[in-house]
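Q: Handing you this structure, nothing more for now.
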Amino acid sequence: MKIAIASDHAGFLLKEQIKNYLDSRLIEYEDFGTHNEESTDYPRYAELVAKAIQSHGFDLGILVCGTGIGMSIAANKFHGIRAAVCSEPFSAILSRRHNNSNVLCMGSRVVGSGLAMLITEGWLNAAYEGGRHERRVGMITRMEQRNAADVLQINSTDDTQPFTKDE
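Sequential numbering of the sequence shown, starting at 1005, is according to the numbering used here.
Now the structure itself:
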């Protein structure tokens, strides 16, 4: 398992603690930034992690910002990314088991270090169950593919049209 990890300035210190946890478990990761607490924009780090997963060089991602919400919104803009904001272990575990999440997002202003380690541990140790969940995750994947196709069709015919062809 190889993990892509990143944060903005608000999540920097918690990200460093998560890296220590990963080191202690001998889990391979790459830190995509930021590398200090200087103010920066979270979307760029969500993009780096999402693209690292899309390239198949990384299996999973962990993103940390102030709330986890901005990182999740940004990461979920990328095809194949299923980012989940988790503030406790139960949701983290079920996001993997039922939703096959591949990016964990946390907020440093929401969870403390100890809780973040429990969330990370639960998320990493949980496995996708498939079964009845496969149909639902498949539906989401097909929605994503249809939406991308609609956007491509719109962009190729009329860049000024604000809605998809079916709206």
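Each residue gets a CB set at the ideal place from its N, CA and C atoms; glycine is no exception. Quick caveat: nothing in here was measured; it's all calculated off a predicted structure.
So, A1050 versus L1067, is the Cβ gap smaller than 8 Å?
A: Counting from one through the sequence shown, the residue named residue 1050 turns up at place 46. Counting from one through the sequence shown, the residue named residue 1067 turns up at place 63. Cβ distance < 8 Å, so A1050 and L1067 count as in contact.
Q: In three-state DSSP terms, what is E1133?
A: On the sequence shown, residue 1133 is found 129 positions in, with the first residue counted as 1. Correct three-state label for E1133: coil.
Q: Between the alpha carbons of I1007 and I1077, how many angstroms are there, rounded?
A: Counted from its first residue, the sequence shown places residue 1007 at position 3. Counted from its first residue, the sequence shown places residue 1077 at position 73. So the two alpha carbons sit approximately 19 Å from each other.
Q: Helix, strand or coil, according to DSSP, for D1154 in the structure here?
A: Here residue 1154 is taken as the residue at index 150 of the sequence shown, counted from 1. Helix at D1154.
Q: Going by CA-CA distance only, name the one from V1107, I1022 and H1102 that's closest to I1057.
A: As a first step, residue 1057 must be located in the sequence shown, where it is residue number 53. With distances taken between Cα atoms, I1057 lies closest to V1107.
Q: Can you have a look at N1151 and say buried or exposed, based on whether 16 or more other CB atoms are within 10 angstroms of its CB?
A: Taking the sequence shown and counting its residues from 1, one reaches residue 1151 at position 147. Exposed.
Q: Please confirm whether any heavy atom of the ligand GTP lies closer than 7 Å to the CB of V1114.
A: In the structure shown, the ligand GTP is absent, as is every other ligand, since no ligand is present at all.
Q: Taking DSSP as the reference, what is the three-state secondary structure of L1064?
A: Here residue 1064 refers to the residue found at position 60 of the sequence shown. Reduced to three states, the DSSP call for L1064 is strand.
Q: Using the DSSP secondary-structure output, state which residues sit across from G1111 in a beta bridge.
A: Position 107 of the sequence shown, counting from 1, holds the residue named residue 1111. In DSSP, G1111 forms a bridge with C1069.
Q: With a CB to CB cut of under 6 Å and the five nearest residues on each side skipped, what residues in its chain are close to A1130?
A: For the purposes of this step, residue 1130 is taken as the residue at position 126 of the sequence shown. Excluding positions up to five away in sequence, the list reads I1097, R1100 and R1101.
Q: CB-CB under 6 Å to L1122, same chain, minus the five flanking residues each way: which ones, in chain order?
A: Walking along the sequence shown from the start, residue 1122 turns up at place 118. P1093.
Q: Consult DSSP for I1012 and reduce its assignment to one of helix, strand or coil.
A: Residue 1012 sits at position 8 when you count from the first residue of the sequence shown. A small correction: the amino acid at residue 1012 is Asp; Ile does not occupy that position in the sequence shown. Coil at D1012, not helix or strand.
Q: Under the three-state reduction of DSSP, which class applies to I1007: helix, strand or coil?
A: Position 3 of the sequence shown, counted from the first residue, corresponds to residue 1007. If DSSP states are grouped into helix, strand and coil, I1007 belongs with the strands.
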